[in-house]
Amino acid sequence: MSKSWICFICISLLYCALILPSNEARRRQKAKKAAKEAKANLEALPFAAEGSDTEKSPEKKGRNKIENYLKQISTHHELIKIFFKSMQPTKNNGIRLDLSKADKSLAQKLAEFAPSKKRQSLLQGPTELSVLESRRIAKNLALMGGHLTSQAAAIRNDPNYKAQKKAIRSAKKKLGKGTKVAQGYVSNINKYTKDIKKYFKKNPGEYLKI
């Protein structure tokens, strides 16, 4: 066997012994970091207050938990509706968001989904947002909607779940529609970052069906 072959085999073994494990460790570290960031993003979203439950009876606690869950779904559905019905395309390929006609507490909650530098101006009057800023609001709304929808699994074991099963199903269906529209908006904006008006041309009145 020639010297070059021996060198090649030695280098290959060295690569397998040293470099491959370090690459794998780096990949794992990146995956952990991404998971942490995703968790932090979710925790940063404006969740509805859980509310203090001082009732001692487990039945009452369960009922309160389900009622609170339905209230959160209803509120979030309203936020999605307000976002899509309060926006207008602008000449600069962005959107103008006018929350002046919306309920004040809902407008405040919706502003929490916007980039921090625009939150105050959104509460003061019509505000122009760039394509990316409007996309971020929709993305956060979709993320929160997905979280609320998945939360239903956590309350299925509750004895009060069966009694309110219909209400939960109907609320989830309603929220699912709104969340899909928000997700659709995000993907359309990815395609048409140059001209937001194309989204409205392609999906006339889609957001009004929520």
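Here the sequence shown stands for residues -25 to -1, 1 to 185, numbered as in mature numbering (1 follows the signal peptide of the UniProt record, and there is no 0). Idealized CB from N, CA, C, for every residue including glycine.
Three-state secondary structure assigned by DSSP to L72: Position 97 of the sequence shown, counted from the first residue, corresponds to residue 72. In the three-state DSSP reduction, L72 falls in the strand class (E or B).
Straight-line gap, T50 to I57 (C-alpha atoms, nearest Å): Indexing the sequence shown from 1 puts residue 50 at position 75. Indexing the sequence shown from 1 puts residue 57 at position 82. If I take the Cα positions, the gap works out to 11 Å.
With 16 other Cβ atoms within 10 Å as the buried cut-off, status of S125: For the purposes of this step, residue 125 is taken as residue 150 along the sequence shown, with counting starting at 1. S125 is exposed by the Cβ-count criterion.
Pick from L81, I112 and R71 that is closest to Q47, judged by C-alpha positions: The residue given as residue 47 occupies position 72 in the sequence shown. It is L81 whose Cα lies nearest to the Cα of Q47.
Rounded C-alpha distance that separates F22 from P101: Indexing the sequence shown from 1 puts residue 22 at position 47. Indexing the sequence shown from 1 puts residue 101 at position 126. Bear in mind that a pLDDT of 45 at F22, under 50, signals an unreliable position, so the model cannot answer this.
Proximity winner among V106, K84 and L45, relative to M62 (alpha-carbon distances): Residue 62 sits at position 87 when you count from the first residue of the sequence shown. Per the Cα distances, V106.
Nearest neighbour of G69, chosen from A117, E103 and K60 [CA to CA]: Taking the first residue of the sequence shown as 1, we reach residue 69 at position 94. When each option's Cα is compared against that of G69, the closest is E103.
Cα-Cα separation, M119 to E42: Here residue 119 is taken as the residue at index 144 of the sequence shown, counted from 1. Here residue 42 is taken as the residue at index 67 of the sequence shown, counted from 1. If you draw a straight line from the Cα of M119 to the Cα of E42, it comes to about 18 Å.
Completely contained alpha helix (DSSP H) runs for the region 60 to 120, where each covers 4 or more residues: Runs of the alpha helix (DSSP H) inside the region 60 to 120: 79 to 86 and 91 to 99.
Cβ separation of L98 and I55, assumed to be a contact under 8 Å, to the nearest whole Å: Position 123 of the sequence shown, counted from the first residue, corresponds to residue 98. Position 80 of the sequence shown, counted from the first residue, corresponds to residue 55. The pair is not a contact, with the Cβ atoms about 18 Å apart (cut-off 8 Å).
Nonlocal neighbours in the same chain, by C-beta distance under 8 Å from R94, ignoring five residues either side: For the purposes of this step, residue 94 is taken as the residue at position 119 of the sequence shown. Sequence-distant Cβ neighbours of R94 in its own chain, meaning closer than 8 Å and more than five residues away, are A86 and E87.
L74 to K84 span [Cα, whole Å]: One-based indexing of the sequence shown puts residue 74 at position 99. One-based indexing of the sequence shown puts residue 84 at position 109. L74 and K84: Cα-Cα distance of roughly 11 Å.
Residues near S96 in its chain [Cβ-Cβ closer than 6 Å; skip 5 each side]: Along the sequence shown, one-based indexing puts residue 96 at 121. Excluding sequence neighbours, S96 sits near T102.
Any non-hydrogen atom of the ligand COA closer than 7 Å to H122 Cβ: Here there are no bound small molecules, and the ligand COA is not part of this structure.
Residue burial classification, residue 192 (beta-carbon count within 10 angstroms, cutoff 16): Outside the shown range of the chain, which is -25 to 185, sits residue 192, and nothing can be said about it.
Of the residues T65, K155 and K79, the one placed nearest A113, counting alpha carbons only: Residue 113 sits at position 138 when you count from the first residue of the sequence shown. Comparing Cα-Cα distances from A113 to each of T65, K155 and K79, the minimum goes to K155.
H122 versus E108: straight-line alpha-carbon distance, rounded: Position 147 of the sequence shown, counted from the start, is the residue given in the question as residue 122. Position 133 of the sequence shown, counted from the start, is the residue given in the question as residue 108. Approximately 21 Å between the Cα atoms of the pair.
Residues near D78 in its chain [Cβ-Cβ closer than 6 Å; skip 5 each side]: Counted from its first residue, the sequence shown places residue 78 at position 103. Short of 6 Å from the beta carbon of D78, and not among the five residues preceding or following it, lies no beta carbon of its own chain.
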